[in-house]
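**Q**
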Amino acid sequence: MSVSDRVGEPKLNQPRAEGDNRQILLEVDNLQTHFRTMDGVNRAVDGVSFHVRSGETLAVVGESGCGKSVTAMSILRLIPEPPGKMAGAIRFQGRDLLKLSDKEMRSIRGNEISMIFQEPMTSLNPVLTIGRQIGETLRLHQGMSKQQAEDRAVEMLRLVGIPEPGRRVREYPHQLSGGMRQRVMIAIALACNPKLLIADEPTTALDVTIQAQILDLMRDLKNTVGAAIVLITHDLGVVAEVAERVVVMYAGRKVEEAPVNELFRNPKHPYTQGLLGSVPKLGSSLTGETTRLVEIPGLVPSLKQKIPGCVFATRCPSVTDLCRAVAPALQEKAPNHIAACHYAPVEASVSGTVAA
Amino acid sequence: MSGERILEVSDLKKHFPIRGGLMGGTVGHVYAVDGVSFHIDRGETLSLVGESGCGKSTVGKSVLRLFPLTSGQVALNGRRIDDMSPGTLRPLRREIQVIFQDPFSSLNPRMRVREILAEPIKNFGLAKDSADLEERIGQLMDKVRLPRDAVNRWPHEFSGGQRQRICIARALAAEPDVIVCDEAVSALDVSVKAQIVNLLQDLQAELGLAMLFISHDLAIVEHMTHRVAVMYLGKIVEVADRKQLFGGPRHPYTEALLSAVPVPMPGAMRERIVLKGDVPSPINPPKGCRFHTRCPYAFDRCRKDEPMLRDNGEGHFSACHLHDLPAEQNPLLNKAAPTAFRTIAA
Amino acid sequence: MSASNLPSGIQIPPGLAVATPQPDILSNVKPRRGVIGFLRRYPTIAIGGTLLLIMLIIAVFAPLFWTVDPTALAPARRTREPSAMYWFGTDMLGRDVYSRVLYGARVSLLVGFSVAFFSSIVGLAIGLLSGFNRLADSIIMRIMDGMMSIPSILLAIALMALTRGSVQNVILAITIAEIPRVSRLVRGVVLSLREQPYVEAAVASGTPTISIIFKHILPNTLAPITVQATFICAAAMITEAILSFIGAGTPPIIPSWGNIMAEGRALWQVKPYIVFFPAIFLSITVLAVNLLGDGLRDAIDPRLAKKL
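Residue numbers (this note's numbering), protein chains in the order written: chain L, 1 to 356; chain G, 357 to 702; chain B, 703 to 1010.
(1) Taking only beta-carbon positions, decide if ASP29(L) is within less than 8 Å of chain B.
(2) At a CB-CB cut-off below 7 Å, which residues of chain L make contact with LYS599(G)?
(3) Does ILE727(B) come within less than 8 Å of chain L when only Cβ atoms are used?
(4) Cβ closer than 7 Å: which chain B residues qualify as neighbours of LYS85(L)?
(5) From what residue to what residue does the beta strand (DSSP E) around MET249(L) run?
(6) With respect to the alpha helix (DSSP H) encompassing GLY416(G), which residues constitute its N-terminal and C-terminal limits?
(7) For HIS512(G), is the beta carbon positioned less than 7 Å from some heavy atom of the ligand FMN?
(8) Does the beta carbon of VAL454(G) sit closer than 8 Å to a beta carbon anywhere in chain B?
(9) Within the same chain, show all residues whose beta-carbon is closer than 7 Å to that of SER822(B), passing over the 5 residues directly before and after it, in chain order.
(10) Is the CB of ALA879(B) under 8 Å away from at least one CB in chain L?
(11) Determine the direct distance from the alpha carbon of GLN551(G) to that of ARG253(L), and round the result to whole angstroms.
(12) Compile a chain-ordered list of the residues in the stretch 859-880 of chain B whose CB is closer than 9 Å to at least one CB of chain L.
(13) For ALA807(B), tell me which candidate among LEU994(B), ASN992(B), THR987(B) has the shortest Cα-Cα distance.
(14) Return the residues of the stretch 625-648 of chain G that lie within a Cβ-Cβ distance of less than 7 Å from chain L, sorted by chain order.
(15) Give a yes or no on contact between the stretch 234-250 of chain L and the stretch 57-71 of chain L, applying the rule of three or more CB pairs nearer than 8 Å.
(16) Would you grab the beta carbon distance between VAL630(G) and ASP216(L) for me? Rounded to a whole angstrom, and I think it's under 8 Å.
(17) Taking 8 Å as the cut-off, decide whether the C-beta atoms of VAL586(G) and PHE394(G) are in contact.
(18) Name the chain L residues that come within less than 9 Å of GLY623(G), Cβ to Cβ?
(19) Write down the C-beta distance between ALA575(G) and VAL617(G) rounded to the nearest angstrom, noting that I regard them as a contact closer than 8 Å.
(20) What's the gap between the Cα of LYS85(L) and the Cα of GLU27(L)?
(21) Return the residue from the list ILE229(L), LEU275(L), THR129(L), MET218(L) that minimises the CA-CA distance to LYS549(G).
(22) Going by the DSSP bridge assignment, what does ALA339(L) pair with across the sheet?
(23) For chain B, find out if any of its Cβ atoms is closer than 8 Å to the Cβ of ASN433(G); answer yes or no.
(24) Can you say whether ALA358(L) is buried or exposed, counting buried as having 16 or more other CB atoms within 10 angstroms of its CB?
(25) Would you call the CB atoms of ARG446(G) and ASP397(G) closer than 8 Å?
(26) Measure from the C-beta of LEU420(G) to each C-beta in chain B and report whether the shortest distance is under 8 Å.
(27) Which residues of chain G have a Cβ atom closer than 8 Å to the Cβ of THR908(B), listed in chain order?
(28) On the criterion of 16 or more Cβ atoms from any shown chain inside 10 Å, does SER851(B) qualify as buried, or is it exposed?
(29) So is HIS648(G) buried or exposed if we call it buried at 16+ other beta carbons inside 10 Å?
(30) Considering only residues of the same chain and omitting the five flanking positions on each side of PRO465(G), which have a CB-CB separation below 8 Å?
(31) Can you tell me the Cα-Cα spacing of ALA89(L) and GLY47(L), whole angstroms?
(32) Can you find at least 3 beta carbon pairs, one from the stretch 886-898 of chain B and one from the stretch 936-955 of chain B, that sit closer than 8 Å?
(33) MET177(L) to PRO620(G), Cα distance in whole Å?
(34) First and last residue of the beta strand (DSSP E) that includes ALA89(L)?
(35) Mark LEU78(L) as exposed unless 16 or more other C-beta atoms lie within 10 angstroms of its C-beta, in which case mark it buried.
(36) Would you mind listing the alpha helix (DSSP H) stretches within the stretch 568-616 of chain G that are 4+ residues and don't spill past its ends, in chain order?
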């Protein structure tokens, strides 16, 4: 391993990635995104670190207000400053995005990193044809001619599974259904062969059968295009289907991170445990175990006050005075599995390696 | 379930006229609900599932008589309400209440919680005097597990989950027999959703409420419901007990719908039926079976004849021509495992 | 975290992984609350409101601002340039332009506020009726369409031609011309409010239609109507000035900004100040009202107000 590779190695608060030799593409290091509001500073994201390797699918899960969308917007530097302010580092291929000029950032946005939003109708320009909107990014970033851009647009529409791409390329967004529009959004996002795709709730606004189509498409595209994906979602079912690794966020912090199988089988943080228990599983009536759903009592704390202890202390079923006073650090509890909880047991396989 | 029949709907139709042209004449119809029949008994939950535009919310608003119906009958506690005048209907509205999806637009921003909860109590003359009114409001707050002193606050001071509790309290204020839950938990966060689902189940057990639970979330439906009706393009395509429907769907649409739900179990690579294309427009629904344009098993007859909803054994109703085929040729019956669990070796 | 910050009785067990506290990256400046905080957030309301308040004080207390009788003729001192004696000069009949402009504010503000008030009330009633009754709607809205096809200034001129020139008649004429706009707005708001779940829930709770209108619909139309009223107020002031300017409005004996400008028109090339001062006052007043309206719209629109 060369020295430069070691620079990008995950540090203390990130799981050791044994057996994953893909290069680190994006490294978010202690990101803070705060907003000045009417009644104090909203610490929307407060010290979040994670990394994404090339070609990897990382899911960022959490409920509304946990800071997952703000994190996504921060990566693309779409946070208005003021009232927002960012600190920390977001290293993309070794370059800190927070230090780039606006012009350099524009050449990365939509080109090397692109984004898919939740609501496809409002993200498409209603007065431009589909082809024009796909071609726009290509002509801007890759200097293609009009004809080349249109050919590529047709090719992209075919790639995302839109029938009759030659005709659709001349149509306007309102002529397409919701699922088709989301496909177009994906086509636009992928047009420049980005290395990283940030998908913010890409299927939330869609019907179940259309969601299935889009998830299938995203899985296929991952194999054909090879872009890394950061999937922002609240839907644990979607996470289980497409993610390789999961970051769980709560109240602006990362509370747990693990590979997807490990997280669902062996959640360490009480919040993750609650979250998993609060979703009914399809097929529950057949096994006869129609149990009560797990409730996470109470409400998400206000992010406008500093929370001295654990952010989850106000809702945790096994809270102690220690939790209310002392914030737990992220700690490796099992191989590749980190969580921020004083009481999550550290498994024997890692306890020897963690410094006391 | 063979209790007291609370709500009975037969051949309900609601067509919305499309107005256009210079004189504002009718140029077509949206066939939002096109012949729907079902019933709900006391203490029972019937879920109405389907994708957006299938007409499930229109059914909910129709049984609430929020607009005049095109045709069909709706009987509430044995009395037909479909053709009643608004004045005659008003006192009967006490028996059927509603909880909507969006907790933010469901509460009048210019009314305090006390006024919101007092409105149905006053309208139906349920309180003897002002002390009784106050006590009833307090009890409602207890039922939905909100502090009693919160009645003096404005809706915008509450979170989404708390607002939905206020909406539930308002629905309970009328002491109804049946509550229409129109996507009542869909807009809520996962952990809050669990709180509200548990609350609804507790209240149903405590008060013997019947519920028409309209939702697109099949996992929640399976958790909550007694019976399920699946809607597609304004028609019910399948009705059955929960176990029957989730265990072995008898309509290709239900089958595809169940297989499309992502389950929070990584590695459970299920045999997914991905339907091609989009739902056709309810302005111009397909001839024959409405699902034939997307059905993986469609054959000639499906394009011509419209299948009727009928009992295909053990009270499991479905509207599909496949059940006229010999059982060994029916792809819906020849499945090794229930759809929700059917997995393929990866 | 140092142990000294901890509440008593809590010991950090050895080896416990403790998170380092995150630094503040934004200083915690608490914005002011109350009226001052509100005005700071909406500077347009502050500026517009202040200007309008000044105009109101000028209009109400015109006699206290060193004015003379605005109708007193002094043929000997005609068309004097602005000076220490005649701050804004005198007109062709020797009347003090300064006094006339200050008194003129009374007419403008009276007309503006009255038209805004009356057209809102009538428009509200018409809009509510047509939002709730299909038959009334189809008849009323066709009439309103017809009225809106005539420019409101022409409609006001036509109405003034039927009556005697007086401030009341000017108010009446402009109000009639403005009603279609308000009733259209109210009708639109009513139709969208009727679809709101809380209105449907109220219907399902057996609320009589009349209570639906007065408890659920009306209070929620007031905010957009208030904003619209400010714009109508501004438009009415301009219309009044135009009517007076062309001699179809306020009788010449009453000093109004339109009248003063009309009288100064003949001398515009040689004595521009006679037109200039009332024009400036009219512009400032209209600007003030429009700024106020813009600010109110921002303050009332929850999508903008809620933002961060």
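Don't be surprised by glycine CBs; every beta carbon is placed ideally from N, CA and C.
This structure is a prediction, so every number in the text was calculated from the model and none was measured.
**A** With the given structure in hand:
(1) Judged by the 8 Å Cβ criterion, ASP29(L) is not in contact with chain B.
(2) When 7 Å is used as the limit between beta carbons, LYS599(G) is near these residues of chain L: SER285, LEU286, in chain order.
(3) Any Cβ of chain L closer than 8 Å to the Cβ of ILE727(B) would place that residue at the interface, and such an atom is present.
(4) Within chain B, the residues placing a beta-carbon under 7 Å from that of LYS85(L) are ILE727, LEU728, ordered along the chain.
(5) First-last of the beta strand (DSSP E) with MET249(L): 245-250.
(6) 412-419 is the span of the alpha helix (DSSP H), which, as asked, contains GLY416(G).
(7) By its list of ligands, the structure shown contains no ligand whatsoever, and the ligand FMN lies outside what it can speak to.
(8) At least one CB atom of chain B sits nearer than 8 Å to the CB of VAL454(G).
(9) Listed in chain order, the non-local C-beta contacts of SER822(B) below 7 Å within the same chain comprise VAL884, ILE927, ALA931, local neighbours out to five positions each way being set aside.
(10) No, because no Cβ of chain L sits closer than 8 Å to the Cβ of ALA879(B).
(11) Going from the Cα of ARG253(L) to the Cα of GLN551(G) covers about 23 Å.
(12) Cβ contacts with chain L come from no residue of the stretch 859-880 of chain B.
(13) Nearest of LEU994(B), ASN992(B), THR987(B) to ALA807(B), Cα basis: THR987(B).
(14) Contact annotation: in the stretch 625-648 of chain G, residues whose CB is within less than 7 Å of a CB in chain L are ARG628, VAL630, LEU631, ASP634.
(15) Under the 8 Å Cβ criterion, the stretch 234-250 of chain L counts as touching the stretch 57-71 of chain L, having at least three qualifying pairs.
(16) About 6 Å; that satisfies the 8 Å criterion.
(17) The answer is no: Cβ separation not under 8 Å.
(18) At a C-beta separation below 9 Å, GLY623(G) has these neighbours in chain L: ALA240, VAL260, ASN261, PHE264.
(19) Their Cβ separation, rounded to whole angstroms, is 6 Å, which keeps ALA575(G) and VAL617(G) in contact under 8 Å.
(20) Roughly 19 Å separates the two Cα atoms.
(21) Ranking ILE229(L), LEU275(L), THR129(L), MET218(L) by Cα distance to LYS549(G) puts LEU275(L) first.
(22) Bridge partners of ALA339(L): GLU256(L), GLN331(L).
(23) Using a CB distance cut-off of 8 Å, ASN433(G) does not count as an interface residue toward chain B.
(24) In the structure as shown, chain L begins at 1 and stops at 356. Residue 358(L) is therefore absent and cannot be evaluated.
(25) Contact flag unset, no.
(26) LEU420(G) counts as touching chain B.
(27) Per the sequence shown, residue 908(B) should be read as Gly rather than Thr. ARG446, PRO447, ARG449, ARG450, PRO476, ASN479, PHE480, ALA530, listed in chain order.
(28) Exposed, since its Cβ has fewer than 16 Cβ neighbours within 10 Å.
(29) With at least 16 other beta carbons inside 10 angstroms of its own, HIS648(G) counts as buried.
(30) Excluding sequence neighbours, PRO465(G) sits near TRP510, PRO511, HIS512.
(31) About 10 Å.
(32) Inter-segment contact for the stretch 886-898 of chain B and the stretch 936-955 of chain B is absent: fewer than three beta-carbon pairs are separated by less than 8 Å.
(33) Looking at the sequence provided, one finds Ser at residue 177(L) rather than Met. Taking the CA atoms as reference points, SER177(L) sits about 28 Å from PRO620(G).
(34) Counted as a single uninterrupted DSSP element, the beta strand (DSSP E) harbouring ALA89(L) occupies residues 84-92.
(35) Within 10 angstroms of the beta-carbon of LEU78(L) lie fewer than 16 other beta-carbons, which makes it exposed.
(36) Whole alpha helix (DSSP H) segments, 4+ residues: 574-580, 598-603, 608-616.
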